[in-house]
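Enquirer: Offset between the sequence shown (1-based) and this note's numbering: plus 39.
Cβ coordinates follow ideal geometry from the N, Cα and C atoms, glycine included.
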Amino acid sequence: MRHENISIGTGNPLDVFPDTLRERVGSLARRLGKPSEYVLIDLVESALARRNQVASEYKTSEDMPHWSSHGDDDLVDPKEASHRMKLSVSTLAKMRCKGDGPPYIKLGSRSVYYKVRDVDAYLSDRQFQSTSEE
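1. Just how far apart, CA to CA, sit ARG90 and ILE80?
2. When burial is assigned at 16 or more other CB atoms within 10 Å of the CB, is GLU119 buried or exposed?
3. One question on the structure: do VAL78 and LEU71 come within less than 8 Å of each other, judged by their Cβ atoms?
4. What distance in whole Å lies between the Cβ atoms of HIS109 and VAL155, which are believed to be in contact at a cut-off of 8 Å?
5. Within the continuous alpha helix (DSSP H) that includes SER163, where are the two ends?
6. For LEU114 and TYR153, which I take to be in contact (beta-carbon distance under 8 Å), what is that distance rounded to the nearest angstrom?
7. In the DSSP assignment, find the unbroken beta strand (DSSP E) run with LYS145 in it and report its ends.
8. Nearest-angstrom Cα distance between HIS122 and ARG61?
9. Do MET124 and VAL158 have their CB atoms nearer than 8 Å?
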């Protein structure tokens, strides 16, 4: 990784970390033959790259079943329904409490499901051509 033109600042940047982390970074730096500051920068850059990779994998809808693969009477969980409605799961839960959201089915004491057609109907009912229709 590149380290030129990186301002390390005054003092040892490792001073802000716990002793165990400083010892591990120092040990790794000695094994690699690099200054501790550069090893720390490499570790942070690697961690950020990994975090961004995981975040981008999570944001894709590939892990979610395609909505069109469901029949009208199929049941979907709140996560999938909220994904379809472009809302957070917690917003959908609040809508259930207020009675504002689509009809839902409760199985047992905690399991909540939505019929695909009810979610689609809810979305269709909120489609407008102009602000005067609202």
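Expert: Here's the rundown:
1. One alpha carbon belongs to ARG90, the other to ILE80, and they sit about 15 Å apart.
2. Burial call: buried.
3. In contact: VAL78 and LEU71 (Cβ atoms closer than 8 Å).
4. At roughly 5 Å, the Cβ-Cβ gap stays under 8 Å, so VAL155 and HIS109 are in contact.
5. It spans 155 to 164 - the alpha helix (DSSP H) in which SER163 sits, taken as one unbroken run.
6. Right, their Cβ atoms sit about 7 Å apart.
7. For LYS145, the enclosing beta strand (DSSP E) stretches over residues 144 to 146.
8. Taking the Cα positions, HIS122 is about 42 Å away from ARG61.
9. Against a cut-off of 8 Å, the Cβ pair of VAL158 and MET124 comes out as a contact.
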